[in-house]
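Q: When we follow the working numbering, the leftmost residue of the sequence shown carries the number 29, and every step to the right adds one.
Cβ coordinates follow ideal geometry from the N, Cα and C atoms, glycine included.
These numbers come from a predicted model, not from an experiment.
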Amino acid sequence: MILFLCRFLCYDLCPKKNERMKMINTIVHLDEIRFEEKDPGNLLDSIRQRGIAIPVQVNVRDGYYECADGHKRLSAAKILRNEKESFNRIPVMILNDYSKAGSSFWGNTQNRH
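1. Determine the burial state of R101: buried for a count of at least 16 other Cβ atoms within 10 Å of its Cβ, exposed for fewer.
2. Compare the C-beta of E94 against all C-beta atoms of chain D and say whether one is closer than 8 Å.
3. In angstroms, rounded to a whole number, what distance separates the CA positions of F117 and I61?
4. With a threshold of 6 Å on Cβ separation, who are the neighbours of L12 within its own chain once the five nearest residues in sequence on each side are excluded?
5. With 16 other CB atoms within 10 Å as the buried threshold, where does D27 fall?
6. Quick one: is I55 buried, meaning 16 or more other Cβ sit within 10 Å of its Cβ, or exposed?
7. Going by DSSP, which residues form a beta bridge with E94?
Laid out in structure tokens, this is it:
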């Protein structure tokens, strides 16, 4: 299912015909990502137990990454990195300029672990 959705977003929702969205998954240090700190709420315990299961979506900026989706997950990781070093390494999906093409597909959903 996830592979299907990823293909759908990558290939079918591109703003220009014959252009494909590129999404790159990698690991980034928490300090390299700029994000708006939010109350992680019930995500804190979930991420403490399971880690970050869904990559945070970021855009590449000049010398840093900017969070597009996942502010609460990053806020939880920032709190939890004092307990465990591994929370400094964040799984991210790096989006290109066309990344907003598929955002309406998801609507106002919330990530749940």
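A: Straight from the coordinates:
1. Within the sequence shown, residue 101 is the residue found at index 73, counting from 1. Of the residues assessed, R101 falls on the buried side of the cut-off, its CB having 16 or more other CB atoms within 10 angstroms.
2. As a matter of chain content, chain D is missing from the structure shown, which is built from one protein chain.
3. Here residue 117 is taken as the residue at index 89 of the sequence shown, counted from 1. Here residue 61 is taken as the residue at index 33 of the sequence shown, counted from 1. With the sequence shown as reference, residue 117 is identified as Arg, and Phe is not the correct amino acid for it. Roughly 11 Å separates the two Cα atoms.
4. Outside the shown range of the chain (29 to 141) lies residue 12, about which nothing can therefore be said.
5. In the structure as shown, the chain starts at 29 and stops at 141, and residue 27 therefore has no counterpart that could be examined.
6. On the sequence shown, residue 55 is found 27 positions in, with the first residue counted as 1. The residue is exposed, with fewer than 16 neighbouring Cβ atoms inside 10 Å.
7. Residue 94 sits at position 66 when you count from the first residue of the sequence shown. Beta-bridge pairing links E94 to R62 and N87.
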